[in-house]
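Q: Sequential numbering from 1 applies to the sequence shown in our numbering. All residues carry an ideal CB built from backbone N, CA and C; glycine is no exception. Have a look at this one.
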Amino acid sequence: MYVGSGGRGVLVDAGLPGRHLAGRLDHAGIEPRQVAAVVVTHGHRDHLSGAGVWARRYRVPLYLTEACRGSAHRVLGPSGLEGVEVRLFEPGNPFRVDALEFRPVSTSHDAPDSVGFRVTDGACVLGLATDLGFVSQLVRHALRDAHILYLESNHDVDLLARGPYPWHLKQRIRSRHGHLSNGECAELLRGLVHPELRAVVLGHLSEINNEPRLAFGAAHHVLEQTGAAGDVTLLVARQDRPGRLVTL
Numbered sequence: 001m002y003v004g005s006g007g008r009g010v011l012v013d014a015g016l017p018g019r020h021l022a023g024r025l026d027h028a029g030i031e032p033r034q035v036a037a038v039v040v041t042h043g044h045r046d047h048l049s050g051a052g053v054w055a056r057r058y059r060v061p062l063y064l065t066e067a068c069r070g071s072a073h074r075v076l077g078p079s080g081l082e083g084v085e086v087r088l089f090e091p092g093n094p095f096r097v098d099a100l101e102f103r104p105v106s107t108s109h110d111a112p113d114s115v116g117f118r119v120t121d122g123a124c125v126l127g128l129a130t131d132l133g134f135v136s137q138l139v140r141h142a143l144r145d146a147h148i149l150y151l152e153s154n155h156d157v158d159l160l161a162r163g164p165y166p167w168h169l170k171q172r173i174r175s176r177h178g179h180l181s182n183g184e185c186a187e188l189l190r191g192l193v194h195p196e197l198r199a200v201v202l203g204h205l206s207e208i209n210n211e212p213r214l215a216f217g218a219a220h221h222v223l224e225q226t227g228a229a230g231d232v233t234l235l236v237a238r239q240d241r242p243g244r245l246v247t248l
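What follows is the structure, encoded as structure tokens:
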């Protein structure tokens with residue numbers, strides 16, 4: 001995901017090959033030179049695999065936790081971060097990249113030091129939370145005043161139960177260190193609706209255990225119930241194509 005202000009920004013996670021990332025940015029009208037850094041939420045391959053290549057190719061810093069750096073060595077190999085300027089951060093301690101302040105907040109996931117972010121340029125606030133098995137009060141607090149939310153809506157409970165995954169993987173997904181369902185995402189959203197909320201993006205959908213219409217429907221129902229449906233843009237991020245650029 002690209003997050004920017006004043007014509008410069010960062011990539012939050014980079015789990016695709018560099019050429020795919022560049023192509024998707026180009027589709028949104030964003031040039032690689034506008035990316036000032038890559039910030040990684042945690043060390044799973046689908047969030048990390050392209051980060052080192054991108055940071056090295058475009059000579060930008062890579063922000064991650066110490067535990068995530070250890071994961072990177074295992075995922076990318078011993079030379080995966082070679083030649084990369086690594087800048088470490090800790091959950092709870094804010095850091096700046098150009099005009100953006102990032103406040104990392106710990107999330108419950110089966111990766112060391114997994115985090116979400118509250119990001120602000122001083123005028124607008126983005127709340128980002130994916131890859132979490134349950135929503136802590138710490139996460140709710142970090143997201144509470146966001147103008148735009150990027151929330152995990154990973155799976156439909158019934159599709160997961162009936163689907164082809166082995167039982168141990170289904171248990172992992174539904175655990176407190178797994179992923180949020182559509183219903184859990186919707187309930188999180190219910191507590192985050194406020195008069196200044198302008199957009200919600202649903203992300204990290206499973207291709208096997210979810211459908212965009214189901215994720216959209218659960219969140220839209222909450223927006224209707226809270227009277228916010230007419231004021232909030234609701235989008236679903238897809239795995240196979242770049243999403244719409246949301247400007248506030």
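Spell out the partners DSSP gives residue 105 in its beta bridges.
A: 116
Q: Sorted by chain position, which residues of the same chain lie with C-beta nearer than 8 Å to residue 235's C-beta, five sequence neighbours on each side aside?
A: Taking C-beta separations shorter than 8 Å and ignoring five residues to either side along the sequence, the partners of residue 235 in its chain run 199, 200, 201, 202, 243, 244, 246, following chain order.
Q: With hydrogens ignored, establish whether the beta-carbon of residue 48 is closer than 6 Å to any heavy atom of the ligand SAH.
A: Absence of the ligand SAH from the depicted structure is noted, as is the absence of any ligand whatsoever, leaving it without description.
Q: If you count every other CB in all the chains shown that lies within 10 Å of the CB of residue 155, and 16 or more means buried, which is it?
A: buried
Q: Under the rule that 16 or more other beta-carbon atoms within 10 Å means buried, what is residue 148, buried or exposed?
A: buried
Q: Identify the continuous beta strand (DSSP E) that holds residue 127 and give its terminal residues.
A: 125–129
Q: Closer than 6 Å by C-beta to residue 52: which residues in its own chain qualify, once you throw out the five before and the five after it? Chain order, please.
A: 76, 80, 81, 84
Q: How is residue 2 classed by DSSP in three states: helix, strand or coil?
A: Strand at residue 2.
Q: Which residue comes first and which comes last in the alpha helix (DSSP H) that contains residue 82?
A: Element bounds for residue 82: n/a, residue is neither H nor E.
Q: Is it the case that the Cβ atoms of residue 132 and residue 108 are separated by a distance below 7 Å?
A: In contact: residue 132 and residue 108 (Cβ atoms closer than 7 Å).
Q: Near residue 206, which residues of its chain fall below 7 Å by C-beta distance, leaving aside the five closest residues on each side in sequence?
A: 154, 155
Q: Which word fits residue 17, buried or exposed, when buried means at least 16 other C-beta atoms lie within 10 angstroms of its C-beta?
A: Answer is exposed; the Cβ neighbour count stays below 16.
Q: Select from 97, 78, 106, 35 the residue whose C-alpha is nearest the C-alpha of residue 90.
A: 106
Q: Using only CA atoms, which one of 48, 110, 116, 227 lies nearest to residue 104?
A: With respect to the C-alpha of residue 104, the residue from 48, 110, 116, 227 having the closest C-alpha is 116.
Q: Using a Cβ-Cβ cutoff of less than 8 Å, which residues in the same chain neighbour residue 223 once the five nearest sequence positions on both sides are dropped?
A: Cβ within range, chain order: 189, 193, 200, 229, 232, 234.
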